[in-house]
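So the structure is just underneath, and the comments pick up after that.
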């Protein structure tokens with residue numbers, strides 16, 4: 127994996143998760159195992175186990191391994207691993223700029239931005255996708271041709287709650303069923319994944335950035351998506367929902383001529399580096 131910080135630092139890193147997935151997807155036996163793991167029954171069992179009190183034994187090692195700071199959390203004790211995984215941060219740990227022109231990140235994650243071409247195709251880690259197949263709605267996809275696809279890949283050490291980036295009105299939530307699958311780019315290189323994943327999206331009719339499509343993508347094992355509200359008014363920085371355990375992805379589609387991508391993020395994406403961002407951090411500006 128290739129990462130970049132906002133200060134210009136760049137590096138490459140191969141995590142245990144990446145190595146495991148490379149081996150898992152590299153052979154027939156591994157792929158057969160994946161098909162078993164992603165069955166709904168197995169996924170539900172995994173979710174149940176992570177909701178039990180016994181799963182709390184996993185927390186201390188996770189905190190140490192990823193260098194997390196408990197001082198940032200609202201609470202210090204948890205009923206289960208999932209309770210810990212979806213922990214809330216204290217007020218002030220993440221914030222959006224009050225400046226209306228600032229386009230802030232809806233989540234923590236590793237960000238890549240791609241142009242949505244008139245042909246509807248864009249790249250996610252060297253794998254081509256169309257907005258049409260992502261949304262399963264050609265007319266809706268056409269509204270974003272010429273705009274941008276902002277892909278935020280959340281890893282297990284990221285904050286797994288996400289928020290609205292502007293004031294406005296949201297549509298109802300639309301769910302596209304699928305089978306749970308990994309959103310790790312190594313798997314993506316070997317097998318198309320977004321067609322396989324359960325995902326939810328809504329349209330945000332924002333005050334400053336036009337209509338923005340926001341999509342949450344489930345992942346391997348549990349991959350549970352929890353969005354809090356249906357259609358109605360929304361506010362900048364208001365929490366939209368959360369992911370339970372499982373690496374996850376958020377995708378924003380912006381219309382042409384509405385948002386200017388911050389230059390460093392655009393350059394990193396062109397060079398195939400993911401930019402590490404935090405919820406609320408500026409990633410673009412109103413045009």
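In our numbering, the protein residues as written are 127 to 413.
Beta carbons are placed, not taken as given, at the ideal position from N, Cα and C, and that holds for glycine.
{"Check": "Close beta carbons around residue 211, own chain, < 7 Å, minus the five adjacent residues each side", "Outcome": "286, 370 and 371"}
{"Check": "Range covered by the alpha helix (DSSP H) that runs through residue 408", "Outcome": "From DSSP, residue 408 is part of no alpha helix (DSSP H) but of the beta strand (DSSP E) over 408-412."}
{"Check": "Inter-residue spacing [alpha-carbon to alpha-carbon] between residue 134 and residue 335", "Outcome": "27 Å"}
{"Check": "Integer-rounded CB distance, given that residue 242 should sit under 8 Å from residue 218", "Outcome": "Wrong, their Cβ atoms sit about 35 Å apart, outside the cutoff."}
{"Check": "Three-state secondary structure (DSSP) of residue 395", "Outcome": "helix"}
{"Check": "Distance CB(residue 353)-CB(residue 326) smaller than 9 Å", "Outcome": "yes"}
{"Check": "Neighbour-count burial assignment, residue 174, 16 or more Cβ in a 10 Å radius", "Outcome": "exposed"}
{"Check": "Per-residue DSSP class, three states only, for residue 278", "Outcome": "strand"}
{"Check": "CB of residue 222 within 9 Å of CB of residue 406, strictly", "Outcome": "yes"}
{"Check": "Buried versus exposed call for residue 320 [16 or more other C-beta atoms within 10 Å across all chains shown]", "Outcome": "Its pLDDT being 39, under 50, residue 320 is placed unreliably in this model, and the value from its coordinates should be taken loosely. Residue 320 should be labelled buried."}
{"Check": "For residue 260, the three-state DSSP class (helix, strand or coil)", "Outcome": "helix"}
{"Check": "Distance, residue 389 Cα to residue 397 Cα", "Outcome": "12 Å"}
{"Check": "The stretch 373-380 touching the stretch 224-235, judged by at least three CB pairs closer than 8 Å", "Outcome": "yes"}
{"Check": "Minimum C-alpha distance to residue 386 - residue among 296, 275, 295 and 282", "Outcome": "275"}
{"Check": "Burial state of residue 295, where buried means 16 or more other Cβ atoms lie within 10 Å", "Outcome": "exposed"}
{"Check": "Residue 259 versus residue 338: straight-line alpha-carbon distance, rounded", "Outcome": "18 Å"}
{"Check": "Three-state secondary structure (DSSP) of residue 172", "Outcome": "helix"}
{"Check": "Helix, strand or coil at residue 286 according to DSSP, with G and I counted as helix", "Outcome": "coil"}
{"Check": "Limits of the alpha helix (DSSP H) - the one that residue 192 falls within", "Outcome": "185-192"}
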